[in-house]
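Notes to accompany the following structure.
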Amino acid sequence: MAQPLPDRLPPRSSAGPMGWLRTQLFSSPLNAVLSLLTIWVLLLAIPALVDYLFVRPDFAATTPEQCRETGGYCWAFVREKHRLILFGVYPYDEQWRPLLASAILVGVIVCSCMRRFWRPSLALLWGVGLAAVGVLMWGGLFGLAYVENAKWGGLPLTLILSTFGIAFAFPFGVVLALGRRSHMPGVKAVCVIYIELIRGVPLVSLLFMSSVMLPLFLPEGFSIDKLLRAQIAIILFAAAYVAETVRGGLQAIPRGQYEGADSIGLSYWQQMRKIIMPQALKIVIPPLVGIFISLFKDTSLVVIIGLFDLTMAAKAAVSDAVWRGFSTESYLFIAVIYFVFCFSISRYSLALERQLDQGHHR
Amino acid sequence: MVSSQSTRRSSPPGRARRRWSWNDPDTRALIYQILILGLVALGVWYLTSNTLHNLAVRNISTGFGFLHEEAGFAIGESIIDYSPADTYGRAVLVGLVNTLRVSVVGIIVATLFGTLLGIGRLSRNWLISHLAGLYIEVMRNIPLLLQLFFWYALITEIMPGPRQALNPLPDVFISNRGFKIPWVHGNAIDWLFGGLAVAIVLIVLLAHWARRRQEATGRIFPLGWSALGLLVVVPALAAWLSGGSFELDRPELKGFNFQGGLTMSPEFTALLLGLVIYTSAFVGEVVRSGIQAVSQGQWEAASALGLSRARILRKVILPQAMRVIVPPMTSQYLNLTKNSSLAVAIGYPDIVAVTNTILNQTGQAIEGIMIIMAAYLVVSLSISLFMNWYNKHIELVER
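Chains A and B, in that order, give the protein sequences. Quick note, the first sequence lines up with residues 1 to 362 if you use our numbering. Quick note, the second sequence lines up with residues 1001 to 1399 if you use our numbering.
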């Protein structure tokens, strides 16, 4: 009877740390040179970074003078200013409210990420969540003191602008996408002009338009505040991008689905609601998440029309005469916040894409 | 509407009279369209009448006549002649040129750097692929505006003043007034650029001839080396034959600032740096996904022919990857151009910043916004037209 030979060890040149080095870093002369160069740069950069962040700074420092003396990253600045950066000029004693509101918004986003919650009642969750955020931030109910929205700021404002933005832009964008796919030339023309016009211009110009032109558009004596104007501009902007994404999903649905729906006598809206949209939306979820990420980053542009979002708060923290010159500290601090949000959502989107993609591989 | 389309029957030729019934999809479509267009028109009319009323109340005149008035404000940097005595129209032009300048330079640098990143991301070298990945993930996930603020603060706050300027290379100075590099002046310069243009035309012709010859005879012409030679020899020859002179204009510290040389202002440097660093991360991802879209079999078949890895990439993989790369690359170029409008936040005088100043001086809000939007629409449309033409050019030709 044949006996299998005992397993042989892999050749020494391709096993163990030496083998790894040989295949990964020094597989060719060019690779060896590149690796050595990279290692040299890293040897210069990493110790310098560690020194800047952890070795040089005095963690017990409390004043800007102490920070300037030791050099390095000024942790005292973050300790002193983090409330201002995170919550803006919201009344100090009431800052648990924006904290709770941010937690609710993050909670709503996390719930929307779980497939268990993907059903029509998710819309209800969004409705309740956004309403609760409104009550918490404005107050005036349940014994909460009223806080006008000129005082909102920091992280909650960034979260509000982006979540409310996507929440309202989504239905609008779906309608626009359906309009663009319509066979009625009048409807199609209106939607195409809107989508292309918005996508052709930068968000900055829309924000300017909303801050300068919206007051002119409205009847005399009627005015809306700065925050709402920016929110409208963001919704109008995001809707055009949502529409193009959803259109991609609609185009991917085979024609037979439309014809099948026609053949059982469904009306247009029944077809869309029961046959086409469930399939199309499933395809476009990953790119929609991408739109949410860029919207989250783009809300920083409201700085230009003077809203107090996270980025503006970071700028404001540096403009304090006592703490002048610590912009690096301030910007790095909020860069980490933005990064944590965007990176985790983009990782989620990748995983989701892989999960949803299963059906297409045969 | 889909259902109306698929159930619609073309009316038989003999039937002249139309049935005006709610059950006829054509009639329904017509009514829907009239309703929707009517609503849109009503909305536009309502907004316009409000606007006209508000303008009348505030005593603001409409029209673009203000463009001929004297601007009266200075613009920090401009490559065309401009003084505060020029008109508003000229100021808008300066802004547009500044936008185009930063966009064009940004697009070129971001494409080169981003392509390197994308290829590096796929490198077999563990260190390089992971470093490229780290760079892409970090830069993509931090808002561009924040990066601009960061670079601008770094240049204006952390960099030393002109007197203690960093001097990494001879005659190159980095200070909080921006970058200073030496520049060449003299009448031979025009001949140099003329020679460059001639060389480019020659290379295009040569490439055409080389391809024809290779198709006919199979012999390969060393095009890369000849092109490089032409690029060096022709301009040098032109400059030498013209008998013109060169002067090296070196930056020198005089008083409190540098004189001479070519300046890159802190605003321009920060904007360019931010745009390139941010966009190249996206370009890197586009290039990576394009290369990965080419099937593994192409690599294997090309190696079976005995081509080197670099040659495979250049001759086999990239031409096929280009088809996947060009459309998303177009939208990255458009994004970069649109993102250059963030210049207004750090004070680089691009078209948005200049028009915003004009808008605040004259109160011509609507005209100002229209100028900005029209400028961006024209630029966006030109870029997408060009890229669509290029895309057609490289598309896979199928029977």
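For each residue, glycine too, the CB sits at the ideal point set by N, CA and C.
query                                                                                                                    : result
Close beta carbons around H361(A), own chain, < 7 Å, minus the five adjacent residues each side                          : Reliability of the predicted coordinates at H361(A) is poor, the pLDDT of 45 falling under 50, and the value obtained from them is presented with this limitation in mind. Result list for H361(A): empty, nothing under 7 Å.
Closer than 8 Å to chain B by CB, I304(A)                                                                                : yes
Where D1249(B) falls: helix, strand or coil (DSSP)                                                                       : strand
Continuous alpha helix (DSSP H) stretch holding L1169(B): start and end                                                  : Unbroken run through L1169(B) is the beta strand (DSSP E), 1166–1169; no alpha helix (DSSP H).
For D309(A): DSSP bridge partner residues                                                                                : G154(A)
Cross-chain neighbours of K315(A) in chain B, by beta carbon under 8 Å                                                   : F1149
Proximity test, Cβ basis, 8 Å: L1096(B) and chain A                                                                      : no
Short CB-CB distance (under 8 Å) between T328(A) and chain B                                                             : yes
Neighbour flag for M1387(B) against chain A, beta carbons, 8 Å                                                           : no
Where S1011(B) falls, given that 16 or more other Cβ within 10 Å makes a residue buried                                  : Confidence at S1011(B) is low in this model, with a pLDDT of 47, below 50, so its placement is unreliable and the value that follows should be read with caution. Classification for S1011(B): exposed.
Three-state secondary structure assigned by DSSP to M1264(B)                                                             : strand
Limits of the unbroken alpha helix (DSSP H) element including G200(A)                                                    : 185–200
Neighbour list for T63(A) in chain B, Cβ cutoff strictly below 7 Å                                                       : Here the premise fails: no neighbours, minimum Cβ distance about 19 Å.
Range covered by the alpha helix (DSSP H) that runs through K1180(B)                                                     : Run containing K1180(B): none in the alpha helix (DSSP H); it sits in the beta strand (DSSP E), 1178–1181.
First and last residue of the uninterrupted alpha helix (DSSP H) at F222(A)                                              : Segment: none, F222(A) is in no alpha helix (DSSP H) and carries neither H nor E.
Exposed unless 16 or more other CB atoms sit within 10 angstroms - verdict on Q1033(B)                                   : buried
Proximal residues to L1230(B) (C-beta, below 8 Å), its chain only, five neighbours per side dropped                      : A1199, L1202, I1203, L1206
Y1376(B) burial status per 10 Å Cβ neighbour count (16 or more: buried)                                                  : buried
Nearest-angstrom Cα separation, counted from V246(A) out to A252(A)                                                      : 10 Å
Where E1070(B) sits in the DSSP three-state scheme                                                                       : strand
Chain B within 8 Å of P202(A), Cβ atoms only                                                                             : yes
Residues of its chain near I283(A), where Cβ-Cβ distance is below 6 Å and the 5 sequence neighbours each way are ignored : G249, A252
C-alpha distance - I104(A) paired with V133(A), whole-angstrom precision                                                 : 7 Å
L1273(B) at chain A interface by Cβ criterion, 8 Å                                                                       : no
Contact set between C113(A) and chain B, taken where Cβ atoms lie within less than 8 Å                                   : Correct list: empty, because the minimum Cβ distance to chain B is about 17 Å.
Three-pair Cβ contact test at 8 Å for the region 1267–1278 of chain B versus the region 1286–1298 of chain B             : no
Contact set between F308(A) and chain B, taken where Cβ atoms lie within less than 9 Å                                   : None at all; the shortest Cβ gap to chain B is about 14 Å.
For K297(A) and N1141(B), the rounded distance between their alpha carbons                                               : 8 Å
Contact set for W20(A): own chain, Cβ-Cβ below 6 Å, skip 5 residues either direction                                     : none
Interface residues of chain A facing S1303(B) [CB-CB closer than 9 Å]                                                    : Within chain A, no residue comes near S1303(B); the closest Cβ sits about 14 Å away, beyond 9 Å.
Residue environment, S28(A), which counts as buried when at least 16 other CB atoms sit within 10 Å                      : exposed
Whole-angstrom distance between A238(A) and I85(A), CA atom to CA atom                                                   : 26 Å
The beta strand (DSSP E) enclosing I1366(B), as first and last residue numbers                                           : Here I1366(B) belongs to no beta strand (DSSP E); instead the alpha helix (DSSP H) covers 1365–1394.
Reference E148(A), options V175(A), L228(A), L155(A), A177(A), closest by Cα                                             : L228(A)
Short CB-CB distance (under 8 Å) between M1(A) and chain B                                                               : no
Sheet register partners of F1173(B) (DSSP bridge)                                                                        : K1180(B)
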